[in-house]
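Q: Residue numbers (my numbering): 64 to 438. For every residue, glycine included, the Cβ atom is placed at its ideal position computed from N, Cα and C. A quick note: this is a predicted structure, and the numbers were derived from the prediction, not measured. Before I ask anything, here is the structure I am working with.
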């Protein structure tokens, strides 16, 4: 039945207001028709109503906060319930800070448009428009970085950058005049591997061929700069992590649940390389196989996990390249009655997740309570 498909799709996408409308119709005209998983419309409506109540409670809590903390909390509510209009209205009222210092550099292969990031917390993307001689605009593209290349021929009259967060747009930011291209020639370091080691964190990377590399622990609220971007003031990012030799920095385990790092290369200009995050979250526990599905107890406030599988050995960490990886929401988990199992024997590790704004952070480690060998 199309009504059931609409309701199930809305629930899976956490669009609970849409699901409520679909389920209202089901209860009215097809009360006794079971859904794809055998559930009744009344049962699913009860789940949706509970999720909307959670969103309302989270919104009320967010409105007691102020500043960046309030905005991040509102974004968290929208992640859990994307069509919760009271939360969207509150976030719209908070507004979005525009991009600043928009400029464009004309090179032989195109024009590089760049800008300073919005000061608004959370995940912000940027829509870039090219301004023609007649004042008309055409889209160049959308990016989460702070630069975008326009490959169209000719020199534009200018560019417009519109910062957007959760679909809410900031005021337009426009360029001044063009300036000659000034390529840095500095290659960014492409990877930064973070490994817990006792009470320390090891941060490993490939040393640059020239120049000096350093790892910095980002200050709270600072988003890692885009790979390859020029960093005008490294001190504003955070403090340097002690170097243990070429390609290795070692930091004490942070006391905060989330701590981010970035590796920089200084060879004339300072260029941002890869970033990594140490994430420590309450773990799932009580893993058990029931009716062919893996089930566990979710920690409070956890709504997403990343599950890793390996047949040959336990997954090393949340970024284990040898493991098969799957992200799972608690809604999907409840609808499916757990996690469908791959062929056994298999080692499974479940990593808790949390969102800050629209950025997903995955726990660095999974303790023994969040691991199981299925024979």
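What does the alpha-carbon distance come out to for the pair residue 270 and residue 337?
A: Cα-Cα distance, rounded: 12 angstroms.
Q: Is residue 263 closer than 8 angstroms to residue 440 when the C-beta atoms are compared?
A: Since the first and last residues shown for the chain are 64 and 438, residue 440 lies out of range.
Q: Look up residue 189 in the DSSP assignment and give the residues it is bridged to.
A: DSSP output for residue 189 lists 206 and 226 as bridge partner(s).
Q: Per DSSP, what kind of secondary structure is residue 114 in: helix, strand or coil?
A: Three-state DSSP puts residue 114 in a helix.
Q: Between residue 249 and residue 364, what straight-line distance do the alpha-carbon atoms span, to the nearest angstrom?
A: When rounded, the distance between both Cα atoms is 43 angstroms.
Q: DSSP puts residue 221 in a beta bridge; with which residues?
A: Looking at the DSSP assignment, residue 221 forms a beta bridge with 194.
Q: If we call anything under 8 angstroms between Cβ atoms a contact, is residue 159 one with residue 236?
A: In this structure, residue 236 does not lie closer than 8 angstroms to residue 159 by Cβ.
Q: Hey, could you find the ends of the beta strand (DSSP E) residue 329 is sitting in?
A: Residues 321-329.
Q: Within its chain, find whatever has a CB closer than 7 angstroms to the CB of residue 307; leave out the 5 residues flanking it on each side and keep chain order.
A: The residues are 313.
Q: Assuming residue 370 and residue 389 form a contact by the criterion Cβ under 8 angstroms, report the distance between their Cβ atoms to the nearest whole angstrom.
A: With 8 angstroms as the limit, residue 370 and residue 389 qualify as a contact, their Cβ atoms being about 5 angstroms apart.
Q: With H, G and I counted as helix, E and B as strand and the rest as coil, what does DSSP make of residue 149?
A: Helix, per DSSP.
Q: Whole angstroms are fine: how far does the CA of residue 212 sit from the CA of residue 198?
A: Distance between the alpha carbons of residue 198 and residue 212: 20 angstroms.
Q: May I ask you to list the residues that DSSP assigns as paired with residue 424?
A: Partner(s): 417.
Q: How many whole angstroms separate the CB atoms of residue 141 and residue 155, which I take to be in contact at a CB cut-off of 8 angstroms?
A: So it is not a contact: roughly 11 angstroms between Cβ atoms.
Q: Quick one: is residue 214 buried, meaning 16 or more other Cβ sit within 10 Å of its Cβ, or exposed?
A: Its Cβ having fewer than 16 others within 10 Å, residue 214 is exposed.
Q: Which residues in the same chain as residue 302 place their Cβ atom closer than 7 angstroms to its Cβ, once the five residues preceding and following it in sequence are excluded?
A: For residue 302, where only same-chain residues beyond five positions count, the Cβ hits under 7 angstroms are 279 and 280.
Q: Counting Cβ pairs, one atom from each stretch, are 3 or more of them under 8 angstroms apart for the segment 123-135 and the segment 68-81?
A: In short, these stretches do not touch, since the Cβ pair count stays below three.
Q: Can you check whether the CB of residue 317 is closer than 8 angstroms to the CB of residue 290?
A: For residue 290 and residue 317, no; Cβs fall outside 8 angstroms.
Q: Would the C-beta of residue 114 count as close to the ligand MN, meaning under 7 angstroms from any of its heavy atoms?
A: This structure simply doesn't include the ligand MN, nor any ligand for that matter.
Q: Taking the beta carbon of residue 349 as the centre, do at least 16 other beta carbons fall within 10 Å, making it buried, or is it exposed?
A: Classification of residue 349: exposed, given that the 10 Å Cβ count is below 16.
Q: Pull up the DSSP beta-bridge partners for residue 368, would you.
A: Paired residue(s): 391 and 415.
Q: Excluding sequence positions up to five away, which residues of its chain have a Cβ less than 7 angstroms from the Cβ of residue 163?
A: Closer than 7 angstroms at the Cβ level, and outside the excluded window around residue 163, lie 178, 179 and 236.
Q: Is the beta carbon of residue 325 less than 8 angstroms from the beta carbon of residue 288?
A: Result yes, Cβ atoms of residue 325 and residue 288 sit closer than 8 angstroms.
Q: Count the other CB atoms, across all protein chains shown, that sit within 10 Å of the CB of residue 82; report buried if there are 16 or more and exposed otherwise.
A: So residue 82 ends up on the buried side.
Q: Pick helix, strand or coil for residue 297, following the three-state DSSP scheme.
A: Three-state DSSP puts residue 297 in a helix.
Q: Assign residue 260 to buried or exposed, taking buried as 16 or more other Cβ atoms, counted over all protein chains shown, within 10 Å of its Cβ.
A: By the 10 Å Cβ count, residue 260 comes out exposed.
Q: With DSSP collapsed to three states, give me the class of residue 359.
A: Of the three classes helix, strand and coil, the one that applies to residue 359 here is strand, per DSSP.
Q: Quick one: what's residue 259 bridged to in DSSP?
A: Looking at the DSSP assignment, residue 259 forms a beta bridge with 264.
Q: Hey, residue 433 and residue 413: beta-carbon distance below 8 angstroms or not?
A: In contact: residue 433 and residue 413 (Cβ atoms closer than 8 angstroms).
Q: Cβ atoms of residue 343 and residue 426: under 8 angstroms apart, would you say?
A: Going by C-beta atoms, residue 426 is nearer than 8 angstroms to residue 343.
Q: In terms of residue numbering, what span does the alpha helix (DSSP H) encompassing residue 139 cover?
A: Taken as a continuous stretch (DSSP letters only), the alpha helix (DSSP H) holding residue 139 covers 130-143.
Q: In the DSSP assignment, find the unbroken beta strand (DSSP E) run with residue 215 in it and report its ends.
A: No beta strand (DSSP E) holds residue 215; DSSP gives it neither H nor E.
Q: Return helix, strand or coil for residue 350, following the three-state DSSP convention.
A: Strand.
Q: Could you name the residues of the same chain whose beta carbon sits closer than 8 angstroms to that of residue 359, not counting the 5 residues immediately before and after it, in chain order?
A: Answer for residue 359: 347, 348, 349, 350, 351, 413 and 433, listed in chain order.
Q: In its own chain, which residues sit with a C-beta less than 7 angstroms from the C-beta of residue 240, not counting the 5 before and 5 after it?
A: Note that residue 240 scores 39 on pLDDT, short of 50, meaning its location in the model is unreliable and no value can be drawn from it.
Q: Using a Cβ-Cβ cut-off of 8 angstroms (strictly less than) and excluding sequence neighbours within five positions of residue 109, which residues of its own chain qualify?
A: Around residue 109: no qualifying Cβ.
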